[in-house]
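Take a look at the structure set out below.
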Amino acid sequence: MTARRRRDDTSEGVSAWSGHPYPLGAAHDGRGTNFAVFSEVAEHVELVLVDDEDRHTAVALTEVDGFVWHGYLPGVGPGQRYGYRVHGPWDPGLGQRCNPAKLLLDPYSRAVDGQVDNHASLFERTPGRPSPGDSAGHTMLGVVTDPHFDWGDDRPPLRPYADTVVYEAHVRGLTRTHPAVPPELRGTYAGLAHPAVIEHLTALGVTAVELMPVHQYVQDGVLLDRGLSNYWGYNTIGFFAPHNAYAARGTRGEQVDEFKAMVKALHAAGLEVILDVVYNHTAEGNERGPTLSFRGIDNASYYRLVDGDWGHYYDTTGTGNSLLMRHPYVLQLIMDSLRYWVTEMHVDGFRFDLAATLARQFHEVDRLSAFFDLIQQDPVISRVKLIAEPWDLGEGGYQVGNFPQLWSEWNGKYRDAVRDFWRGEPGSLGEFASRLTGSSDLYAHSRRRPRASVNFVTAHDGFTLRDLVSYNDKHNEANGEGDRDGESHNRSWNCGAEGETRDPAVLRLRARQQRNLLATLLLSQGIPMLCHGDELGRTQRGNNNAYCQDNELSWIDWRLTDEQRALADFTRRLIGLRAAHPVLRRRRFFQGETATRPEQPLPDLVWLLPDGREMSDQDWQRPDAHSLAAFLNGDAIAEPDRCGAPVVDDSFLLLFNAYWEPVEFRLPEPAYGERWTTLIDTSELQGPPDESEHKADTVLLVERRSLVLLSRPSRP
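Note that full-length UniProt numbering numbers the sequence shown so that position 248 is 248, with each residue one more than the last.
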């Protein structure tokens with residue numbers, strides 16, 4: 001298809017029935033398709049049908065109802081490609097950017113065919129200069145889809161928050177090199193649904209797969225010019241369409257069925273599917289970006305513009321634009337999209353990228369904004385898992401702890417505190433203890449529970465776990481930005497050598513530090529989140545901003561060493577312990593109170609010094625303190641199970657030693673427990689501990705920079 005095809009447009013013999021203004025998008029009913037698109041500013045709208053020979057047929061949509069232009073075409077069905085041309089004012093100074101030379105993607109497209117090619121015609125004309133030409137042939141097209149799919153007996157796993165272990169994954173990166181996945185399926189939805197991949201996830205014990213963006217996104221021209229690509233996908237253009245490059249079997253609607261089949265397979269294995277969604281901005285960028293959809297349809301309705309300077313975009317996301325979260329059709333777009341992914345695609349929850357922007361109804365972040373009100377009252381969305389990335393780049397954008405009750409949050413304070421503690425930062429003890437026990441200081445004031453905190457040490461954005469203990473500095477040269485991109489303050493420690501090394505002492509310490517961080521994460525109160533491949537020691541060779549690296553640097557390398565297999569086994573053991581013991585995943589915060597049973601007068605949580613004494617206020621303030629113990633009283637969970645019966649569990653001692661020398665810990669007096677059994681010892685190179693028993697009031701040597709988990713049975 002070339003731009004000259006624009007001149008072949010014809011509407012001879014083709015006219016639309018009046019159709020309906022709802023639903024928005026292209027809705028096939030078995031006999032034809034209803035098309036509906038919102039534009040308050042349009043003066044005339046053409047629906048453009050594109051056939052298999054790339055010939056265009058333009059159909060005028062003459063019916064308009066409440067700013068929705070609509071028409072019904074009998075005989076048009078699944079697989080039909082289409083776009084829109086919107087005729088209207090072009091006055092950027094007033095925020096008006098209609099240009100019928102742009103072939104525009106339907107914001108409600110359920111599937112998308114093609115990708116942009118960075119041609120000049122995609123961009124705005126310059127006042128006083130001729131138009132750069134027609135964008136047909138250089139942009140994406142919507143596809144009419146068949147809504148029918150055999151879901152069989154598919155049911156959402158409905159895993160309680162407290163029992164959830166999230167696994168953040170990338171569709172392509174997780175499966176691209178997996179030897180058991182057929183080559184033609186690697187890097188696709190079908191590849192992720194392959195039994196070998198699902199078996200790894202279920203054997204590991206995670207309960208939810210959080211997929212990095214799978215909404216249709218756009219490749220950045222500047223990255224393509226460097227020979228790179230937008231790998232992460234935080235550049236959305238289609239909020240209803242699964243990204244077509246992840247489809248193994250076609251892009252004319254086949255990607256929709258392939259995505260559904262993936263969800264069905266994950267559900268059958270007991271795994272929830274959570275989508276990382278980017279509703280805060282679109283791929284059109286600022287006024288210098290391409291015109292692909294929203295900008296050409298109704299710029300001032302979809303985007304937040306600078307007050308008094310409507311030719312520029314108000315940006316709190318760092319991407320060039322932000323959606324206008326007080327416009328009713330923007331809010332409708334987001335809510336319609338969320339409901340579609342739950343009801344039609346059967347996903348189980350969402351992680352909202354830069355969610356603070358969604359709360360900016362005007363300029364400030366407002367927890368009483370219309371967006372939160374709509375979520376709260378919606379009978380579909382209010383019942384799935386909702387996770388916020390609780391910050392953006394605007395003023396007052398850091399909002400950890402401030403989201404409403406329904407929400408869980410990525411807890412950036414948890415990440416920072418755990419990293420600081422294990423690298424031996426002075427004065428990190430008190431913050432570490434707060435994060436370990438669920439961050440009640442952040443969430444309890446609004447009557448939220450530990451599940452409000454999504455705990456993580458690493459995520460897609462930043463170092464991998466292995467790199468966190470292998471590099472002091474970022475090494476992003478491969479990104480082509482002179483190593484200027486990415487975070488410079490990573491709270492990382494290379495354990496004595498920068499990057500790859502053969503020093504056995506450094507390698508042993510790095511392996512131990514990875515075990516320390518994993519054990520802390522999975523033994524903390526709240527919802528743990530693993531970054532894909534961390535259980536396998538995945539490295540990005542020090543790149544902490546691999547957003548543009550769709551290659552071996554970012555993909556999981558499934559050629560595993562014995563050490564990597566041992567780390568996976570260690571992670572599996574930790575997740576199994578968490579699943580087996582309610583005291584390690586409490587639904588309520590610790591209170592420091594005694595059990596209700598008189599024969600068990602101990603508090604639910606006790607902090608101890610290495611010498612066995614209880615921690616005092618002064619002990620928490622010591623900058624040189626790097627070791628402590630926590631007693632978790634399984635006899636004092638004080639919360640019923642789902643059937644209303646009281647929960648009693650084993651009790652645990654967690655011994656933390658982030659000091660650079662071994663430390664002797666005196667086990668507490670017999671009232672806490674007569675005998676303790678070792679379940680986890682991160683100082684050990686591999687394999688399970690010997691489960692040796694230790695008597696009360698005796699001394700246990702905890703090796704330098706290591707963690708020991710001890711247990712004693714519940715009392716009758």
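Yeah, the Cβ is synthetic: ideal placement off N, Cα and C, and Gly gets one too.
Could you please give me the residues that DSSP links to residue i through a beta bridge?
| i | result |
| --- | --- |
| residue 290 | 123 |
| residue 607 | 630 |
| residue 548 | Note: residue 548 sits in no beta bridge, so no partner. |
| residue 652 | 632, 711 |
| residue 216 | 238 |
| residue 666 | 699 |
| residue 676 | 694 |
| residue 161 | Residue 161 is not bridged to any residue. |
| residue 529 | 166 |
| residue 706 | 657 |
| residue 309 | 306 |
Just to confirm, is the Cβ distance from residue i to residue j under 9 Å?
| i | j | result |
| --- | --- | --- |
| residue 293 | residue 324 | no |
| residue 142 | residue 171 | no |
| residue 403 | residue 417 | no |
| residue 57 | residue 112 | no |
| residue 710 | residue 700 | yes |
| residue 435 | residue 240 | no |
| residue 35 | residue 329 | no |
| residue 321 | residue 285 | yes |
| residue 212 | residue 232 | yes |
| residue 381 | residue 342 | yes |
| residue 532 | residue 173 | yes |
| residue 609 | residue 571 | no |
| residue 338 | residue 277 | yes |
| residue 458 | residue 392 | no |
| residue 390 | residue 589 | no |
| residue 194 | residue 181 | yes |
How many angstroms separate the CA atom of residue i from the CA atom of residue j?
| i | j | result |
| --- | --- | --- |
| residue 489 | residue 698 | 41 Å |
| residue 98 | residue 299 | 8 Å |
| residue 296 | residue 47 | 14 Å |
| residue 365 | residue 282 | 20 Å |
| residue 178 | residue 538 | 14 Å |
| residue 100 | residue 202 | 51 Å |
| residue 136 | residue 157 | 44 Å |
| residue 620 | residue 429 | 7 Å |
| residue 67 | residue 96 | 16 Å |
| residue 804 | residue 378 | There is simply no residue 804 to check, as the chain begins at 1 and stops at 716 in what is shown. |
| residue 591 | residue 291 | 55 Å |
| residue 502 | residue 493 | 17 Å |
| residue 443 | residue 76 | 52 Å |
| residue 55 | residue 74 | 19 Å |
| residue 648 | residue 441 | 26 Å |
| residue 646 | residue 460 | 39 Å |
| residue 475 | residue 548 | 14 Å |
| residue 616 | residue 370 | 45 Å |
Taking buried to mean at least 16 other C-beta atoms within 10 Å of its own C-beta, is residue i buried or exposed?
| i | result |
| --- | --- |
| residue 445 | exposed |
| residue 362 | exposed |
| residue 357 | buried |
| residue 148 | exposed |
| residue 62 | exposed |
| residue 120 | exposed |
| residue 199 | exposed |
| residue 595 | Confidence at residue 595 is low in this model, with a pLDDT of 48, below 50, so its placement is unreliable and no value can be given for it. |
| residue 650 | buried |
| residue 408 | buried |
| residue 426 | exposed |
In this structure, does DSSP put residue i in helix, strand or coil?
| i | result |
| --- | --- |
| residue 414 | helix |
| residue 149 | coil |
| residue 298 | helix |
| residue 696 | coil |
| residue 440 | helix |
| residue 34 | strand |
| residue 268 | helix |
| residue 199 | helix |
| residue 490 | coil |
| residue 274 | strand |
| residue 14 | coil |
| residue 717 | Missing from the structure shown is residue 717; the chain here goes from 1 to 716 and no further. |
| residue 499 | coil |
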